[in-house]
Amino acid sequence: MHCILVDAYSSGRFLPAALAKHGATCTHVQSSATLPDFYLRTFPKDAFAPQDALVHDGDLDALTEKLLARAPDFIVAGAESGVDLVDQLAPRLGLPSHAAATARVRRDKYEMAAAVRAHGLRAPDTLRTGSFDTALAWAKGHGRWPLVVKPIDSAGTDNVHFARNTVELCTAFDQIMHSANLMGVQNRAAVLQEYLAGTEYFANTVSVHGRHHVAEIWRYHKRLGPHGAAVYDYEEPVAPDDPAARTLRSYLLPVLDALGVRHGPAHSEIMLTDRGPVLIESGARIAGSILPDVVDRCFGTDHVELTAKALCDPAGFERWAGQPYQLRTGLRYISLIAPRAGRLTSFAGFDRLRELKSFAALNLGVEVGDTVQPTVDSATSPGTCYLLHDDPAQIESDYRTLREWEQTGELYRLTSADSPIDSTELPVARR
């Protein structure tokens with residue numbers, strides 16, 4: 094078996110090893126020669142031999158010809174930046190794919206909400222526009238603040254704002270329109286959405302020929318960073334028999350159908366409101382920034398491994414698809430929040446985390462010598478830490494200790510420091 098793996102960055106970097114366990118080889122395709130370092134630094138440059146590491150230069154016909162010569166069996170996106178190219182390549186290569194007619198709804202947040210609503214499912218009221226006058230008129234007509242303002246096709250918390258009035262709407266809109274998204278593409282429009290009050294969750298799924306399997310469901314906790322942007326705090330898995338998990342699953346499966354998700358992994362974010370679940374957005378790729386071996390210790394498997402199993406053995410998928418996942422122990426996935434700026438001089442501070450009784454793993458996105466910026470979104474978080482323990486009280490205690498060490502400067506050995514950011518926790522309704 095041979096896999097075409099597009100943008101194996103973030104958690105996607107674990108796919109080659111997972112596929113190899115099932116006997117599959119890989120060709121890696123970088124979706125653009127101008128991908129930002131945010132993605133590129135997460136994958137070792139020597140992970141593939143030169144002949145197995147291609148860069149798409151915009152000539153889709155030439156790339157298709159090169160890939161057909163490798164007789165691939167399947168194709169998958171390792172990160173959000175690869176979703177569009179996978180949708181373009183799969184039908185050209187004659188490989189199992191998502192519904193071609195709905196490709197834009199899997200990237201454009203406005204089209205995504207419209208597609209979900211067209212299938213009779215709840216979705217937020219949404220506007221897409223490149224004109225501030227249009228945005229302002231829509232906001233006044235909507236008549237309810239705050240509003241969510243974000244790019245039409247980015248990922249994570251990139252440029253996600255909560256505008257509480259027209260001034261904040263203007264600031265957020267201007268910031269989005271004068272910046273590029275996480276893929277390095279200049280934003281050409283912004284999306285305005287109604288603010289959803291409730292509790293936010295995400296679900297990781299794997300699909301084969303339109304049948305969907307829910308690998309895991311997690312609950313988000315976020316904080317409010319500078320300028321009204323959302324900052325990840327921590328995430329915890331939800332038991333499969335939790336009423337919220339059952340409600341989310343029954344809503345999510347038809348949502349994936351509405352978005353044309355048919356083959357491969359997906360990561361979906363949902364707000365559970367007093368009206369029921371409402372899709373925030375969904376990405377047809379592996380969940381970002383996870384360490385599969387740690388997640389496996391909690392669930393007995395993980396999103397990467399299940400994706401590899403489904404791709405390599407689609408017939409076998411029928412035997413386990415739909416079975417509820419299991420929780421073996423407590424787990425908390427913590428996003429590090431740097432309170433000040435400075436040049437990182439040592440990893441010694443992070444070594445203290447290993448003193449925590451529930452410490453399981455640390456995944457840093459910075460190197461000694463890098464300039465650490467105050468955390469304002471997912472891209473500016475220095476990394477993540479996993480706490481794993483059978484006692485929830487131990488996890489909570491260790492979490493509080495970690496946050497205390499951040500604020501006192503014991504984690505980040507920096508050459509200079511600015512004023513700490515306001516990291517007061519938001520209600521879970523906020524995103």
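Per my numbering, residue 94 is the first one in the sequence shown, and the count goes up by one each step.
Beta carbons are placed, not taken as given, at the ideal position from N, Cα and C, and that holds for glycine.
All figures in this text were calculated on a predicted structure; none of them were measured in a lab.
Exercise. List the DSSP bridge partners of I427.
Key: I427 pairs with Y327 and C478.
Exercise. Entirely within the region 340-418 and at least 4 residues each: give me those alpha helix (DSSP H) ranges in chain order.
Key: Those alpha helix (DSSP H) runs which fall completely within the region 340-418 and span 4+ residues are 385-392, 396-405 and 407-413.
Quiz prompt | Beta bridge counterpart(s) of H121 as assigned by DSSP | solution = L98 and A146.
Quiz item: Exposed or buried, which one is L345 when buried takes at least 16 other CB atoms within 10 Å?
Solution: With 16 or more other Cβ atoms within 10 Å, it is buried.
Practice problem: Using the Cα positions of P239 and Q286, report the straight-line distance between them to the nearest angstrom. | Solution: Rounded to whole angstroms, P239 to Q286 spans 9 Å at the Cα level.
Practice problem: Please list the segments of the beta strand (DSSP E) lying wholly inside the region 156-202, counting only runs of 3 or more residues, in order along the chain. | Solution: List check, beta strand (DSSP E) in window: 167-170.
Self-check item: Residue closest to A434, alpha-carbon to alpha-carbon, out of Q500, H360, G381 and C405
Solution: The shortest C-alpha separation from A434 is found at Q500.
Quiz item: What are the start and end residues of the alpha helix (DSSP H) that includes R493?
Solution: Under the DSSP assignment, R493 falls in the alpha helix (DSSP H) whose first and last residues are P485 to T501.
Self-check item: Residue from T494, T473, H396 and Q416 with nearest C-alpha to V443
Solution: For the record, residue 443 in the displayed sequence is Phe; it is not Val. With respect to the C-alpha of F443, the residue from T494, T473, H396 and Q416 having the closest C-alpha is T494.
Practice problem: Tell me whether Q466 sits in a helix, a strand or coil according to DSSP, three-state version. | Solution: Note: Q466 maps to coil in three-state DSSP.
Quiz item: Anyone know if the C-beta pair for H121 and M94 falls short of 9 Å?
Solution: Cβ atoms of H121 and M94: not closer than 9 Å.
Quiz prompt | Own chain, CB closer than 6 Å to E329, minus 5 neighbours either side, in chain order | solution = Excluding residues within five positions, the ones whose Cβ falls inside 6 Å are R312 and R425.
Exercise. Locate the beta strand (DSSP E) running through A265, then write down its first and last residues.
Key: Careful: A265 lies outside any beta strand (DSSP E), inside the alpha helix (DSSP H) at T259 to M270.
Quiz prompt | P244 - containing beta strand (DSSP E), residue span | solution = Under the DSSP assignment, P244 falls in the beta strand (DSSP E) whose first and last residues are L240 to P244.
Quiz item: What does a CB cutoff of less than 7 Å around G376 pick up in its chain, not counting 5 residues either side in sequence?
Solution: Within its own chain, the residues whose Cβ lies closer than 7 Å to the Cβ of G376, once the five positions on either side in sequence are excluded, are E173, V176, A248, A359 and H360, listed in chain order.
Quiz item: Would you call the region 456-467 and the region 393-407 in contact, with 3 or more CB pairs under 8 Å?
Solution: At 8 Å Cβ cutoff, the stretches do not touch.
Quiz item: For V209, does the three-state DSSP call read helix, strand or coil?
Solution: If DSSP states are grouped into helix, strand and coil, V209 belongs with the helices.
Quiz item: Which same chain residues, not among the five before or five after A58, have their C-beta less than 6 Å away from its C-beta?
Solution: Here the chain has residues from 94 to 524 only, and residue 58 is not among them.
Practice problem: Could you have a look at R221 and say whether DSSP puts it in helix, strand or coil? | Solution: DSSP places R221 in strand when its eight states are reduced to three.
Quiz prompt | Distance, P189 Cα to S124 Cα | solution = Going from the Cα of S124 to the Cα of P189 covers about 19 Å.
Quiz item: Would you call the region 330-349 and the region 369-387 touching, i.e. three or more CB-CB distances under 8 Å?
Solution: Flag = yes, the region 330-349 and the region 369-387 touch.
Self-check item: Per-residue burial, E309 [other beta carbons within 10 Å of its own, 16 or more giving buried]
Solution: E309 is buried by the Cβ-count criterion.
Quiz item: Is E448 helix, strand or coil when you go by DSSP?
Solution: If DSSP states are grouped into helix, strand and coil, E448 belongs with the helices.
Quiz prompt | Assigned exposure category for V148 - 16 Cβ within 10 Å defines buried | solution = Per the 10 Å Cβ criterion, exposed.
Quiz prompt | Buried or exposed by the 16-neighbour rule on C-beta atoms within 10 Å, applied to R525 | solution = One cannot answer for residue 525 here, as it falls past the ends of the chain, which runs 94 to 524.
Quiz prompt | One or two residues paired with S439 in a DSSP bridge | solution = Looking at the DSSP output, S439 shares a beta bridge with R506.
Quiz item: Can at least three beta-carbon pairs, one atom from the region 290-301 and one from the region 225-240, be found at a separation below 8 Å?
Solution: No, because fewer than three Cβ pairs between the region 290-301 and the region 225-240 fall closer than 8 Å, the two stretches do not touch.
Exercise. Give me the Cβ distance between I363 and Y294, rounded to the nearest whole Å; I'm assuming they're in contact under 8 Å.
Key: The beta-carbon distance between I363 and Y294, rounded to whole angstroms, is 5 Å. This is short enough to meet the 8 Å contact definition.
Exercise. Answer with buried or exposed for A142, where buried requires no fewer than 16 other C-beta atoms within 10 angstroms of its C-beta.
Key: A142 is exposed by the Cβ-count criterion.
Exercise. May I ask which residues mark the beginning and end of the alpha helix (DSSP H) holding L214?
Key: Neither: L214 is in no alpha helix (DSSP H) and is coded neither H nor E.
Quiz item: Roughly how many angstroms separate the alpha carbons of A522 and A290, rounded to a whole number?
Solution: Note on A522: pLDDT 30, under 50, position unreliable in the model; the coordinate value appears next. C-alpha separation (whole angstroms): 5 Å.
Practice problem: Would you kindly work out how many angstroms separate the C-alpha atoms of P446 and V253, rounded to a whole number? | Solution: With the sequence shown as reference, residue 446 is identified as Leu, and Pro is not the correct amino acid for it. Those two C-alpha atoms are separated by around 30 Å.
Practice problem: State buried or exposed for H396, treating a residue as buried only when at least 16 other CB atoms are found within 10 Å of its CB. | Solution: Classification for H396: buried.
Practice problem: Along the beta strand (DSSP E) that carries F131, what are the first and last residues, could you check? | Solution: From DSSP, F131 is part of no beta strand (DSSP E) but of the alpha helix (DSSP H) over D130 to L133.
Practice problem: Please list, in chain order, all residues of the same chain as T517 whose beta carbon is under 6 Å from its beta carbon, the five residues on each side excluded. | Solution: Unreliable positioning characterises T517 in this predicted model, as indicated by a pLDDT of 43, which lies under 50. The coordinate reading is nonetheless provided below. Hits under 6 Å: none found.
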